[in-house]
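Beneath this line is the structure, given in structure tokens, with notes to follow.
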Amino acid sequence: MKRSSYFRDVAGRFKTHKLAMAGMCILLLELLLLVFLPVVMDLEPYEIYSGFGASPSREHILGTDNTGRDLFARLIYGGRTSLYVGVVSTLISFAIGVPLGMLAGYYRGPVEAVIMRLADVFMSFPSMVFILVLVSVLGPSLSTATIVIGIMGWPGFARQLYGSVLSVREKEYVEAAKAVGTKNLPIMIRYILPNSFAPILIAFTFGVASAILQESGLSFLGMGVQVPKASWGNMLYAAQSVSVIATRPWMWVPPGICLLVTVLSINLFGDGLRDALDPKMKL
Amino acid sequence: MAEPILEVTNLKTGFYSKQGFYNAIEDVSFSVYPGKTLGIVGESGCGKSVTCMSMLKLLPEKSAVVDSASSVKMRGQELTTKSRKEMCKIRGNEIAMIFQDSMTSLNPVMTIGRQMEEPFMVHQGMSRRQAREKAIEMLKKVGIPSPEIKMRQFPHQLSGGQRQRVMIAMALSCSPEVLIADEPTTALDVTIQAQIVRLMKQLQETSGTAIILITHDMGIVAEMADEIMVMYAGNVVEKASKEELFRNPLHPYTKGLLASIPSLSKEVEKLHTIEGVVPGLQDMPEGCRFCDRCKSAMPVCRTKNPDLCDRDGRKVRCFLYEEGKGADA
Amino acid sequence: MGKYIIKRLLIAAVTFFGITVLVYILASLAPGSPVEMILAGTSNLTQEDVARMEAQMGLDQPIYVQYIIWLKNVLHGNLGVSYRTMRPVTEMLAERIGPTLMLTVTALILAIVIAVPLGIVAAYRPYSPWDYASSVFSFIGAAMPNFFAAMILVYFFSIKLGILPASGMYDTGTGESLPVLLRHMILPVITLMLQYVGIYTRHMRSSMLEVLGDDYVRTARAKGLRERAVIFLHAFRNALIPLVTQVGLSFSALIGGAIITEQVFSWPGMGTLMVQSINYRDYPTIMGITVLIAGFVLIGNIVIDLLYGVLDPRVSRK
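Here it is, written out as structure tokens:
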């Protein structure tokens with residue numbers, strides 16, 4: 008009962024947040040397009056058509072790239088790539104960060120010192136540089152990008168959880184659970200994790216947005232997703248020469264706008280979510 | 036009695052919130068006389084602070100509205116119609132204010148000296164050097180040891196009592212005619228409280244400043260006030276001289292307040308408390324605002340808010356004392 | 010204050026040490042031996058040649074010994090020799106530091122200088138059209154990939170209007186003069202700072218709003234100070250404290266942005282060198298850049314800590 012009313016409250020608050028609702032609608036629409044357009048329009052992102060570097064036409068809405076692949080098809084598949092990297096790498100960050108943050112918060116002492124110090128190292132050092140070093144070792148590819156971005160994102164989750172654990176562990180019900188002899192692991196899972204739900208969900212949302220930006224940046228440097236696989240970042244990478252910028256804006260404007268709108272929508276959604284989940288937490 | 040220095044009539048202030056517009060205080064009238072102390076008492080949230088902030092126009096302009104029928108007269112000049120610029124000349128100069136929490140009320144990143152010098156520089160056009168000398172003089176007056184050193188320190192380096200002394204010194208810098216002290220002792224230890232009360236009384240004797248003392252501590256009021264105004268949920272419910280009020284409280288709320296003071300002479304089983312809490316602005320009861328917590332509530336109390344009426348030269352807002360409406364107490 | 014500084018310096022040293030360990034481990038995981046890299050292209054290499062070279066370079070030692078040797082060299086300013094150019098890495102970096110610092114420091118300072126007044130105005134008139142405009146700008150700034158922003162800028166200012174150069178630090182053949190350099194800096198600096206103008210404006214706005222509700226601001230008003238004095242003498246310095254934290258947090262992202270921006274504008278800084286080195290798997294250079302950037306970020310953080318001490322007397326005298 009209490010749970011359902013909590014969610015109703017959250018949903019109610021979220022609905023009053025107009026920009027967040029707009030963000031959510033755009034994201035849903037985008038998901039639908041990414042899933043169904045390839046089927047409906049019979050899009051082929053890898054097929055090489057005759058006539059490379061073509062301008063937009065009826066067969067190719069956004070023309071073709073320098074090898075003759077359909078740019079609209081690549082835009083849609085590039086969107087799939089972006090969202091895939093965004094979500095999967097954030098899941099990786101989550102999977103690393105949450106347990107580490109919990110350990111640090113729960114055990115304190117040397118465990119805490121080592122983990123949180125390491126988080127500081129990761130946070131204070133440019134992740135782009137680390138990512139590039141890792142890519143140089145592993146070789147650029149979609150999976151490298153996903154894994155590497157995922158690995159770099161852990162300190163955010165760890166810190167968030169660490170903070171929550173510290174605030175929850177002193178609460179009476181945790182003390183009580185300890186007093187009756189409940190083991191550490193069940194305490195963490197049963198009491199601490201649910202209490203950290205809201206901040207983690209918020210961190211996850213913003214994590215996806217930043218992972219998408221990182222992937223696009225990496226691909227833009229030619230160090231991320233490699234052709235023939237499409238990603239918005241590598242579409243811009245292929246269009247970065249001054250002559251392309253000048254004469255063929257359809258090659259770089261659509262993927263750029265898509266990136267901008269996607270990240271913007273996720274951020275707006277996350278903002279609304281934060282206000283809805285925790286009205287006290289501001290900026 | 037002498038001419039009042041400050042006359043407040045029908046002060047009414049409301050706030051805009053997400054849910055709508057609500058009046059925080061209504062129909063508040065009182066006068067303050069030179070050298071005298073008016074105590075405004077009541078639980079937190081009863082509108083004591085809003086009253087004083089409205090007088091000085093210190094409430095946020097966007098959300099707070101002082102009703103146009105309200106009047107605040109300082110020696111005959113109307114303050115409610117004054118522009119922001121004109122108010123700046125009055126604040127800290129003719130009417131000064133001391134706040135509750137001296138830790139947060141002093142700027143943490145400015146030295147005591149800088150903050151002490153400001154009133155002199157703003158209101159008396161002094162140079163920094165002149166202001167410095169005056170500031171040191173003021174600090175001496177309020178009993179701060181080695182003021183020259185304290186001038187260079189930051190608020191967090193002083194003790195709570197010292198900080199409150201600084202606040203008092205700062206407020207009295209320009210010898211204001213009215214001093215508003217908003218819970219000046221609440222954040223302090225009991226022994227320090229007594230020191231601060233003594234200091235304020237002593238300063239009042241030499242300067243003749245009128246003091247408006249806002250507090251929920253009946254003990255402090257008993258010590259300092261000449262006249263007492265009891266507020267409840269934005270209304271004045273009783274106003275009388277200190278002696279009369281303590282000897283014979285009329286309003287049930289005042290009775291409750293006085294009964295909740297622990298007494299050493301009488302042995303009591305349990306400390307008296309007033310059941311319930313002050314209603315929020317959104318859920319004011321229909322009739323008398325105290326009716327939900329009042330032991331003497333009558334049917335009429337639930338339908339209409341009584342007026343503040345005279346009774347033997349004192350004022351009380353209760354149907355128990357309104358002619359023809361209820362029985363005499 | 011002294012104790013505080015020493016503590017911060019110690020933390021910085023530990024962080025630096027941590028970064029070097031991480032980077033060294035990563036680089037040693039790379040496939041292929043350095044010797045093969047260096048001698049790539051040399052014909053008739055025997056196993057023995059390779060082994061001899063490896064022994065010469067200390068590569069037959071256990072990894073932690075190698076690391077200690079490397080760290081010792083790094084601390085002496087010896088970052089090794091580039092596999093790609095065969096020049097000392099220190100020398101290559103020396104050429105690249107200037108351009109990168111020029112971009113990042115200018116962008117950072119400009120972003121702060123622009124954002125602080127914008128934030129104050131937005132906070133002073135919250136929910137005004139001006140406030141909305143600034144928050145729309147910052148939302149877009151935060152979501153805009155900086156290479157896309159760069160391409161848009163190039164499209165309008167270099168191609169359509171033809172008033173600003175789109176690449177390099179100087180024009181070819183005209184010699185190196187300050188006005189030319191400044192003209193070349195405009196687009197990259199705008200690209201790099203856009204996002205931070207937005208972020209800092211929002212932070213300044215919210216911290217100013219918070220501070221304006223603080224008790225000491227009420228005290229200042231009750232003293233009869235004019236609104237301008239209240240804001241600039243009392244609220245401003247307090248509101249800057251959280252902004253300083255934010256600036257400190259953005260150093261690392263700023264470097265990441267600089268790598269991409271340099272790439273778009275062919276700016277001869279450490280970012281373009283990094284990308285080239287990765288393409289050639291030039292590990293000495295990659296590690297050199299990493300260590301240098303780590304050093305910069307740490308120095309930046311120390312500066313931030315010092316600023317804290319200056320702005321907030323409670324920090325340094327505790």
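Chains as they are written, first to last, in my numbering: chain A, 8 to 290; chain B, 36 to 364; chain C, 10 to 327. For every residue, glycine included, the Cβ atom is placed at its ideal position computed from N, Cα and C. All values derive from a computational prediction rather than experimental measurement.
(message) Can you list, in chain order, the residues of its chain with a C-beta nearer than 7 Å to that of V198 of chain C? Leave out the 5 residues immediately preceding and following it.
(response) L112, T115, A116, L119
(request) Using a Cβ cut-off of 9 Å (strictly closer), state whether L320 of chain C contacts chain E. (result) Within the model displayed, chain E is absent; protein chains A, B and C are what it includes.
(request) Name the two residues that bound the continuous alpha helix (DSSP H) containing N87 of chain C. (result) Looking at the DSSP string, N87 of chain C is not in any alpha helix (DSSP H), and its letter there is neither H nor E.
(message) Quick check: the Cα distance between R110 of chain B and P39 of chain B, rounded to an integer number of angstroms?
(response) Looking at the backbone, the Cα of R110 of chain B and that of P39 of chain B are separated by about 7 Å.
(message) I'd like the list of long-range same chain contacts for A131 of chain B, defined as Cβ closer than 6 Å, with 5 residues on each side in sequence excluded.
(response) A206, P211, L214
(message) Quick check on G257 of chain C: buried or exposed, where buried means 16 or more other Cβ atoms within 10 Å of its Cβ?
(response) Buried, by the Cβ-count rule.
(request) For E127 of chain B, return the contacting residues in chain C, with the cut-off set at a CB-CB distance below 7 Å. (result) It is Gly, not Glu, that sits at residue 127 of chain B in the sequence shown. Residues of chain C passing the Cβ test: A231, K232, G233.
(message) Count Cβ pairs between the segment 275-292 of chain B and the segment 258-265 of chain B that sit closer than 8 Å; are there 3 or more?
(response) yes
(request) Using 10 angstroms around the beta-carbon of I15 of chain C, count the other beta-carbons present and answer buried if the total reaches 16, otherwise exposed. (result) Exposed: under 16 other Cβ atoms inside 10 Å.
(request) Could you tell me which residues DSSP puts in a beta bridge with Q112 of chain B? (result) B:M109
(message) Between the alpha carbons of L82 of chain A and I68 of chain A, how many angstroms are there, rounded?
(response) 11 Å
(request) Could you tell me the boundaries of the alpha helix (DSSP H) in which C353 of chain B lies? (result) Unbroken run through C353 of chain B: none, as it is neither H nor E.
(request) Give me whichever residues DSSP pairs with N58 of chain B in a beta bridge. (result) B:G49
(message) Strictly below 8 Å CB to CB, what residues from chain C border L141 of chain B?
(response) Y225, T228
(request) For M333 of chain B, name the three-state secondary structure that DSSP assigns. (result) coil
(message) Closer than 7 Å between beta carbons: that is the criterion. Which residues of the segment 151-162 of chain C meet it against chain A?
(response) A151, A152, M153, P154, F156, F157, M160
(request) Would you kindly check if the distance between the Cβ of L88 of chain C and the Cβ of V98 of chain C is under 9 Å? (result) yes
(request) For chain C, find out if any of its Cβ atoms is closer than 9 Å to the Cβ of V17 of chain A; answer yes or no. (result) no
(request) Use the C-beta contact count for G279 of chain A: other C-beta atoms within 10 angstroms, 16 or more gives buried, fewer gives exposed. (result) G279 of chain A counts as buried, since no fewer than 16 other beta carbons sit within 10 angstroms of its beta carbon.
(request) Check each residue of the segment 121-144 of chain A: if its Cβ is closer than 8 Å to any Cβ of chain C, include it; give the result in chain order. (result) R124, L125, D127, V128, M130, S131, F132, P133, S134, M135, V136, F137, L139, V140, L141, V142, S143, V144
(request) Could you tell me whether the segment 177-195 of chain A touches the segment 117-136 of chain A, using the rule of 3 or more Cβ pairs below 8 Å? (result) no
(request) Just the C-alpha distance for F354 of chain B and M217 of chain C, rounded to the nearest angstrom, thanks. (result) 49 Å
(message) Measuring only the C-alpha atoms, how far is F165 of chain C from I311 of chain C?
(response) 39 Å
(message) Buried or exposed for L40 of chain A, going by 16 or more other Cβ atoms inside 10 Å?
(response) exposed
(request) List the DSSP bridge partners of M264 of chain B. (result) B:I75, B:K274
(request) Starting from C265 of chain A, follow the alpha helix (DSSP H) in both directions and report where the run begins and ends. (result) Segment 256-284, the alpha helix (DSSP H) holding C265 of chain A.
(request) Please classify V155 of chain A: does DSSP put it in a helix, a strand, or coil? (result) helix
(message) For P188 of chain C, which residues in the same chain have their Cβ closer than 6 Å to its Cβ, ignoring the five residues on either side in sequence?
(response) So no residue of the chain qualifies.
(request) With 8 Å as the C-beta to C-beta threshold (strictly closer), list the residues of the segment 274-292 of chain B near chain C in chain order. (result) none
(message) So for P39 of chain B, helix, strand or coil by DSSP?
(response) coil
(request) Go to M132 of chain B, then tell me how far its beta strand (DSSP E) extends in each direction, as first and last residue. (result) 130-133
(message) Less than 9 Å between the beta carbons of S144 of chain C and V130 of chain C, yes or no?
(response) no
(message) What residue range does the beta strand (DSSP E) around D23 of chain C cover?
(response) For clarity, residue 23 of chain C is Val in the given sequence; the question names Asp instead. Counting along the chain, V23 of chain C falls outside any beta strand (DSSP E), though it belongs to the alpha helix (DSSP H) covering 11-37.
(request) Measure from the C-beta of K120 of chain B to each C-beta in chain C and report whether the shortest distance is under 9 Å. (result) Proximity of K120 of chain B to chain C, defined by a Cβ-Cβ separation below 9 Å, is satisfied.
(request) May I have the straight-line CA-CA distance separating S12 of chain A from G19 of chain A, to the nearest angstrom? (result) The straight-line gap from Cα to Cα measures roughly 10 Å.
(request) Identify whether T254 of chain C lies in helix, strand or coil by the three-state DSSP scheme. (result) helix
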